[in-house]
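Written below as structure tokens is the structure these notes are about.
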Amino acid sequence: MALDLERTAKQLDAMMSGLNNFSSAHTDRLAEAVRVLKEFQREVFLKKTDSSSAVFQWTPPVFPEKPSKSIEEPSLPTSYAVIGVDGSHIDVNRHIPVDCFLINTGTAHLRYGNKSEAHLSSDPRLFVPPDETVVSDPDNPHKVLQIQGTILGAIRSVKEIETLAEALKKSEPGSFEDIPTVGLVDGTLLLLDLLRPGIPDFVIEAVLVEGFISALNDIKLAAQEKKIVVASYISLPGSDEIIDGIRLLACPYEKSDCLYHCGEVRKGARPCDNSAEGILDRDLMSVIVKDGERSELFSSNFQMARNYYGDNEITFFYLNTGYEMARVEMPSWASLNQQNVDLVHSVVMEQCRKGRGYPTALMEAHEQAVISTADRRYFLNLVEEVLENNGIEFTTSQKDRSKRLRWL
Amino acid sequence: MVDMNTQSNEHTTRIGEVIESDTNEFTTQCYELYGAPALGSLVKAGELDSVYGVVSYSHTSGLDPTRRPVARGEGLASEELVYDQNPQLNRLLTTNFKTTIVGYEVATQITAYLPPRPPRIHSFVMRCDKSEILTFAKSLDFMSSILAANLPQSDDVVAAFVRHACQALPEETGLRAESARRLALLLGNDTRRLEGILRRIPND
């Protein structure tokens, strides 16, 4: 039976009436957040951060001197290149007899200016049991974690950044000329999903440290000899880190001890909620940052991440692409150099113009990586064929069989 | 022994590869965007026992049929800049052309009628040299199959072949007159159609 649209529509109507009430309060809170940001004083912020560090429940980033500044679009280099990398995967299917998964990484290497050209490619990689589908504890071979779901998502991010590192290291195919090259990945560089409670240390070590951060270090090393820089692009970002800082600034207490002062106060009635509740960074930045311009640079301040990221710690700015307020992240070693930030700003802006709201290099990398429904079916058929050719019966669960046959 | 000169020459005249093939025609995907030979050109497919054909249709579109090209040139000074500033277009658009089969080669002899089998998929497609054009220009037997193919552009294809042959073989002074005579025989009393084709083959 199909979705009951009539009953669903009634629930959507109910949701809208709730949202309308929310809308006017949201506007007032946003105006208050803008006021707080515009009156920002670094000394006050640092003092509040110091006095409340252990007891403030939110995670504000490191703020720049003038966080409400909008920075003009820098000029674009005459010749430059952009390498976009994106990935797609086929997750482990527990209804088939083999626990394998596939990651397809797409790369778009676009060169502009003198001798413009493009190289588009994809690299499918099958991960097979027993060793490639689990993360093992090197100190205890009996401790293993099956790669699927969140961990598989993180492994895919590792594959993407490794592919980008390789592409950046050998950028400039067939030419010795060193032109500025921006490496772009889609989504955040902060793999916070891996740092959630419950993820074993050996998994963090294998996936985050030896995988993701090691690839960032490779890029950092290569950047000492070539004009390359790495950044990630987040469309419609849902972060509220800057808003966390607004909460701290709006807190009326000398020491912002959330549990002590507001532990009993309901959500929405806390003093900081007047300038923060329901507001995202992108809402605030939409008021601050003009078309084509960027915000100042902030540094993420998640303690768990800092422990692992070192000088790859994540800095970010907001970019008003004219289509949306995007978040652009860079490792701090890259953003320390103002020229790198300017390069990323101008190149990503131009990419968004060419891609009508989304960077062309990422769009084309996605097109290379995407695995269609038909391809997913062919993959399953191939697995079945290979197993049966090798005398292994392709058994499937009765649930999967029932879903496929859909008899009356 | 491989003749290196011939191999190098073939490489430079190679246009693309066969991607669809049947008894009457084959489709070639060009290596270069907009790299299709002119309508009415003679091409051959296959390194050995080549199959010959006359280009009868070409089209350029996105490699992925679900992605439509969009206008990109607003504010740019020239059409060339659209491609310069969007280099991925050269990878994402593709030019294909169809060829009506007119003959084949067997044991170094070219025959001007349909081969026993069409060319294989991925056969290399190459431009033809003067001697090959001369063979077909002298026979002209293939014109009946193009005229009978009932393509909207059949008459243009025949006229374009004769034009190209006259340009490639300036020493064959009687080529236009001979073509006109053969066309008159093929078209019988359809003088209007004959006139239409001959108007497309200037005298000079």
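Quick note, the sequences are listed as chains X and L, same order. Following numbering that gives the first Met the number 0, the numbering of the first sequence begins with 0 at its first residue and continues without gaps. Following numbering that gives the first Met the number 0, the numbering of the second sequence begins with 0 at its first residue and continues without gaps. For each residue, glycine too, the CB sits at the ideal point set by N, CA and C. Predicted model only: the values in this text are computed from it and were never measured.
According to DSSP, is residue i part of a helix, a strand, or is it coil?
i, result
"L/Asn95", "strand"
"X/Lys353", "helix"
"L/Cys29", "strand"
"X/Glu71", "coil"
"X/Tyr232", "strand"
"X/Thr187", "coil"
"X/Asn92", "coil"
"L/Glu131", "helix"
"X/Phe175", "Confidence is the limiting factor: at X/Phe175 the pLDDT is only 48, short of 50, which leaves the residue's position unreliable and the question unanswerable from this model."
"X/Ser409", "For chain X, the structure presents residues 0 to 407; residue 409 of chain X sits outside this window and is missing."
"X/Lys114", "coil"
"L/Gln152", "coil"
"X/Asn388", "helix"
"X/Val54", "coil"
"L/Val17", "strand"
"X/Gln302", "helix"
"X/Ser331", "helix"
"X/His108", "strand"
"X/Arg405", "coil"
Closer than 8 Å by beta-carbon distance: list the chain L residues that pair up with residue i, in chain order.
i, result
"X/Thr162", "The premise fails here: X/Thr162 is roughly 18 Å from chain L at the closest Cβ pair, so nothing lies under 8 Å."
On a CA-only basis, which of the options is nearest residue i? Give me that one, please.
i, options, result
"X/Ile33", "X/Val286, X/Ser401, X/Ile313", "The question names Ile, but residue 33 of chain X is Val in the sequence shown. Closest by alpha carbon: X/Val286."
"X/Glu253", "X/Ser23, X/Asp49, X/Lys37", "X/Asp49"
"X/Gly182", "X/Glu292, X/Ala164, X/Ser78", "X/Ala164"
"X/Gln302", "X/Leu190, X/Asp185, X/Ile146, X/Arg403", "X/Leu190"
"L/Arg180", "L/Asn149, L/Ser143, L/Met125, L/Ser153", "L/Ser143"
"X/Ser121", "X/Arg405, X/Gly262, X/Glu363", "X/Glu363"
"X/Pro59", "X/Ser298, X/Glu263, X/Pro128", "X/Ser298"
"X/Lys47", "X/Pro137, X/Pro251, X/Pro128, X/Leu11", "X/Pro251"
"X/Thr180", "X/Ser345, X/Cys271, X/Glu263", "X/Ser345"
"L/Ala159", "L/Ser55, L/Pro86, L/Ala176", "L/Ser55"
"X/Ser294", "X/Ala13, X/Lys65, X/Gln56, X/Ala1", "X/Lys65"
Could you pull out every residue in the same chain whose Cβ sits closer than 6 Å to the Cβ of residue i, ignoring the five residues on either side in sequence?
i, result
"X/Ser135", "Val143"
"X/Asp386", "The sequence given here places Leu at residue 386 of chain X; Asp does not occur at that position. Same-chain partners within the cutoff: Phe393."
"X/Gly210", "Val157"
"L/Arg67", "none"
"X/Arg110", "Ala80, Glu116"
For residue i, go through chain L and note every residue whose CB falls closer than 9 Å to its CB, in chain order.
i, result
"X/Glu72", "Simply none; closest approach about 16 Å."
Quick one: what's got a C-beta closer than 8 Å to residue i's C-beta in the same chain, skipping five residues either side?
i, result
"L/Leu131", "The question names Leu, but residue 131 of chain L in the sequence shown is Glu. Same-chain partners within the cutoff: Leu41, Lys43, Tyr51, Ile109."
"X/Glu31", "Ala249, Asn273, Ser274"
"L/His58", "Thr94, Asn95, Phe96"
"X/Gln147", "Asp90, Val91, Phe100"
"X/Leu283", "Leu29, Ala32, Val33, Leu36, Ile241, Ile242, Ile245"
"X/Gln145", "Val91, Asp98, Thr132, Val133"
Within its chain, find whatever has a CB closer than 7 Å to the CB of residue i; leave out the 5 residues flanking it on each side and keep chain order.
i, result
"X/Phe175", "Below a pLDDT of 50, predicted positions are generally treated as unreliable, and X/Phe175, at 48, falls in that range; no measurement from the model is reported."
"L/Asn4", "Any reading at L/Asn4 is ruled out, since the residue's pLDDT is 43, under 50, leaving its predicted position unreliable."
"X/Lys37", "Ser67"
"X/Pro155", "The sequence given here places Arg at residue 155 of chain X; Pro does not occur at that position. So the list reads Gly86, His88, Ile102, once near-sequence residues are dropped."
"L/Glu46", "Phe123"
"X/Val343", "Val181, Val228, Ala230, Val327, Met329"
"X/Ala221", "Leu167, Lys168, Ile227"
Measuring only the C-alpha atoms, how far is residue i from residue j?
i, j, result
"X/Ser22", "X/Arg28", "10 Å"
"L/Thr27", "L/Lys97", "6 Å"
"X/Leu296", "X/Ile150", "30 Å"
"L/Glu104", "L/Ser49", "5 Å"
"X/Gly321", "X/Asp290", "5 Å"
"L/Leu193", "L/Ala70", "41 Å"
"L/Val124", "L/Thr93", "16 Å"
"L/His121", "L/Thr12", "16 Å"
"X/Pro63", "X/Arg41", "8 Å"
"L/Leu145", "L/Val157", "Note on identity: in this sequence residue 145 of chain L is Ile, with Leu being the wrong assignment. Rounded to the nearest angstrom, the two C-alpha atoms are 7 Å apart."
"L/Leu38", "L/Ile200", "14 Å"
"X/Arg326", "X/Asn319", "9 Å"
"X/Ser396", "X/Lys225", "53 Å"
"X/Gly262", "X/Val127", "49 Å"
"X/Ser69", "X/Met324", "13 Å"
"L/Pro169", "L/Phe135", "15 Å"
"X/Asp130", "X/Asp399", "26 Å"
Quick one: which chain X residues come within Cβ less than 7 Å of residue i?
i, result
"L/Asp155", "Simply none; closest approach about 35 Å."
"L/Arg67", "The contacting residues do not exist; L/Arg67 stays about 13 Å from chain X at best."
"L/Arg90", "Ala117, Leu119"
If the cut is a Cβ gap below 8 Å, which residues of chain X does residue i touch?
i, result
"L/Gln87", "Ala107, Leu109, Ala117, Leu119, Thr359, Glu363"
"L/Gln84", "Tyr111, Ser115, Lys353"
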